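The working numbering applies: residue 506 is where the sequence shown begins, and numbers increase by one.
Quick reminder that beta carbons are idealized off the backbone N, C-alpha and C, glycines included.
For clarity, every value in this text was computed on a predicted model and none was experimentally measured.
I have placed the structure first, in the form of structure tokens, so that the comments after it can refer back to it.
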Amino acid sequence: MESALPTRVLVLGLARSGRAASHALRRQGVEVVAHDHSEEIDGAELAAAGAHVVLGGDGIELLDGVDLVVKSPGVPSRAPVVAAARERGIPVISEIELGARLLPNPMVGITGTNGKTTTTALLGAMFAAAGVQAEVAGNIGRPLTSLVGAAGEDAWVVCELSSFQLEDIDTLRPRVAVLLNLEPDHIDRHGTLAAYGDAKLRIFENQGPEDVAVVPRVFGPVPGDARRVEFAAEDPLPAEPRIPGAHNRENAAAATAAARAVGLVDEAIAEALRTFPGVEHRIEEIGTVAGVRYVNDSKATNVAAALRALGAFPQARLHVILGGLGKNESYAPLAAAFKRGDRAYLIGAAAPEIAAALEAGGVGHRHSGDLATALDEAARAASAGDVVLLSPACASFDQFDSYEQRGEEFGRLVQKLH
506 MESALPTRVL VLGLARSGRA ASHALRRQGV EVVAHDHSEE IDGAELAAAG AHVVLGGDGI
566 ELLDGVDLVV KSPGVPSRAP VVAAARERGI PVISEIELGA RLLPNPMVGI TGTNGKTTTT
626 ALLGAMFAAA GVQAEVAGNI GRPLTSLVGA AGEDAWVVCE LSSFQLEDID TLRPRVAVLL
686 NLEPDHIDRH GTLAAYGDAK LRIFENQGPE DVAVVPRVFG PVPGDARRVE FAAEDPLPAE
746 PRIPGAHNRE NAAAATAAAR AVGLVDEAIA EALRTFPGVE HRIEEIGTVA GVRYVNDSKA
806 TNVAAALRAL GAFPQARLHV ILGGLGKNES YAPLAAAFKR GDRAYLIGAA APEIAAALEA
866 GGVGHRHSGD LATALDEAAR AASAGDVVLL SPACASFDQF DSYEQRGEEF GRLVQKLH
């Protein structure tokens, strides 16, 4: 850490990030109190590492004697224990900030509403093609703090950063910071689009003149003092990307700009562009049955992401599975993106809202209720040449634990169609 290590830390949330943060702190000899509001969490591993594990309750009583609170991204800033910590003057930081303090490695940070995971993984592939040591971490599913003691000191870290992680940083300073886009998302958590945008733009705030800020060509000023590098989907690239879609060419342009900023050669960039297959759950073709293609886009947890998926199949008739836990977005743009003959199959809590928008737009749809029913109805209605697309435009948490679980269930259901 840049400053002296704290004596006692309260870690909030014991999913992947919280567990990794707890272990990293224990390895530094820090006393750790690990809390999760759920009593269903298995805390045995953390207890064996020397953490004091407390499950259930709001955790406020655990603040006594604490020097620092480390908050997992799933814990909202309005949680009572977080508010109480701030009232007492106890610093609250994210797991990402903790990792940035504990790791000496240079970082490329990537944020944006959509395309983060694809761009992060693609940039990791560019480092690999160049033979430059790099670790891929962050919101992509590998906690940054899990690299503490595991990553070589000279390795670059390519880190996907969400708004939930960025809202509680302090010293995080990527050598190269990338903003892919900024569209409505997580308004249910941040309250306003402005607050969401402010959280995203924090990726730039600690950068100096020797750092690089990679931003879309039409984007306005960003915080910090970094040198600005711009990108756009139509930029010339050293190779055309294997992954399809205009949005993915834009992701490729951003990754290329970041790769060049850290000194990777165009030959390696081209190799990665030609061979990178994409990521799971993002416009992922998982099979063809009786001439019908089945595409898993479970990672589309907002309207803007689903719009990209709908635009990726301009020649095919679409059967789109929509719905889940909404994020206080308008679904009118989604309804406008359906072509004549496309149909929607609605699931989850947001189905009535989506149905209203589709009805207003004249889009045919069914209230399927759950994923299994929706897939069965879509498969029965589809003909050879059509695409059955899971692109929910909503979070998964009403019916699934994660978008990954939702996508995996879709894949299992498709396999049963064979």
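In its own chain, which residues sit with a C-beta less than 6 Å from the C-beta of residue 632, not counting the 5 before and 5 after it? By one-based count along the sequence shown, residue 632 stands at place 127. Answer for residue 632: 639, listed in chain order.
Beta strand (DSSP E) runs wholly inside the stretch 556 to 642, at least 3 long, in chain order: 557 to 560, 573 to 576, 597 to 599 and 612 to 616
Compute the distance between the beta-carbons of residue 880 and residue 862, then report whether it is under 9 Å. For the purposes of this step, residue 880 is taken as residue 375 along the sequence shown, with counting starting at 1. For the purposes of this step, residue 862 is taken as residue 357 along the sequence shown, with counting starting at 1. Their beta carbons are not under 9 Å apart, which means residue 880 does not touch residue 862 by this criterion.
If you measure between the beta carbons of residue 649 and residue 601, is that distance less than 9 Å? Here residue 649 is taken as the residue at index 144 of the sequence shown, counted from 1. Here residue 601 is taken as the residue at index 96 of the sequence shown, counted from 1. Closer than 9 Å, so yes.
The alpha helix (DSSP H) spanning residue 882 covers which residue range? Position 377 of the sequence shown, counted from the first residue, corresponds to residue 882. Where residue 882 is concerned, the enclosing alpha helix (DSSP H) stretches over 876 to 886.
Less than 9 Å between the C-beta atoms of residue 869 and residue 853, yes or no? Within the sequence shown, residue 869 is the residue found at index 364, counting from 1. Within the sequence shown, residue 853 is the residue found at index 348, counting from 1. It is not a contact, given that the beta carbons lie outside the stated cut-off.
Just the Cα atoms here: how many angstroms apart are residue 697 and residue 636? In the sequence shown, residue 697 corresponds to position 192, counting from 1. In the sequence shown, residue 636 corresponds to position 131, counting from 1. Approximately 43 Å, taken between the alpha carbons.
Can the beta-carbon of residue 886 be found less than 9 Å from the beta-carbon of residue 786? Taking the first residue of the sequence shown as position 1, residue 886 is located at position 381. Taking the first residue of the sequence shown as position 1, residue 786 is located at position 281. Their beta carbons are not under 9 Å apart, which means residue 886 does not touch residue 786 by this criterion.
Report yes if the C-beta distance between residue 681 and residue 559 is below 9 Å; otherwise report no. As a position in the sequence shown, residue 681 is number 176, starting the count at 1. As a position in the sequence shown, residue 559 is number 54, starting the count at 1. Contact: no.
Looking at the structure shown, is residue 815 part of a helix, part of a strand, or coil, going by DSSP? Taking the sequence shown and counting its residues from 1, one reaches residue 815 at position 310. If DSSP states are grouped into helix, strand and coil, residue 815 belongs with the helices.
Give me, in chain order, the residues of the same chain whose beta-carbon lies closer than 7 Å to that of residue 665; leave out the 5 immediate sequence neighbours on both sides. What you label residue 665 is simply residue 160 of the sequence shown in a count that begins at 1. Hits under 7 Å: 615, 621, 622, 625, 643, 644 and 645.
Count the C-beta pairs between the stretch 506 to 526 and the stretch 557 to 575 that are closer than 8 Å, then say yes if the count reaches three, no if not. yes
Buried or exposed, going by whether 16 or more other CB atoms sit within 10 Å of the CB of residue 921? Numbered from its first residue, the sequence shown carries residue 921 at position 416. Answer is exposed; the Cβ neighbour count stays below 16.
Collapsed DSSP secondary structure at residue 541 in the structure displayed: By 1-based counting over the sequence shown, the position of residue 541 is 36. Three-state DSSP puts residue 541 in a strand.
Within this structure, are the beta carbons of residue 510 and residue 534 separated by less than 9 Å? For the purposes of this step, residue 510 is taken as residue 5 along the sequence shown, with counting starting at 1. For the purposes of this step, residue 534 is taken as residue 29 along the sequence shown, with counting starting at 1. Yes, the Cβ-Cβ distance between residue 510 and residue 534 is below 9 Å.
Terminal residues of the continuous beta strand (DSSP E) containing residue 912? On the sequence shown, residue 912 is found 407 positions in, with the first residue counted as 1. Element bounds for residue 912: not the beta strand (DSSP E) but the alpha helix (DSSP H), 908 to 920.
Limits of the unbroken beta strand (DSSP E) element including residue 518: As a working mapping, residue 518 is identified with position 13 in the sequence shown. No beta strand (DSSP E) contains residue 518, which DSSP labels as neither H nor E.
Unbroken stretches of the beta strand (DSSP E), 3 residues or longer, contained in the stretch 691 to 773: 717 to 721 and 732 to 736
Straight-line CA distance for residue 835 to residue 809? Here residue 835 refers to the residue found at position 330 of the sequence shown. Here residue 809 refers to the residue found at position 304 of the sequence shown. So the alpha carbons of these two residues sit roughly 10 Å apart.
Count the other C-beta atoms from every protein chain shown that fall within 10 angstroms of the C-beta of residue 891, then say buried if there are 16 or more, exposed otherwise. Within the sequence shown, numbered from 1, the residue matching residue 891 stands at position 386. Its Cβ being crowded by 16 or more others within 10 Å, residue 891 is buried.
In its own chain, which residues sit with a C-beta less than 8 Å from the C-beta of residue 702, not counting the 5 before and 5 after it? For the purposes of this step, residue 702 is taken as the residue at position 197 of the sequence shown. Once the five neighbours on either side are set aside, the close Cβ partners of residue 702 are 687.
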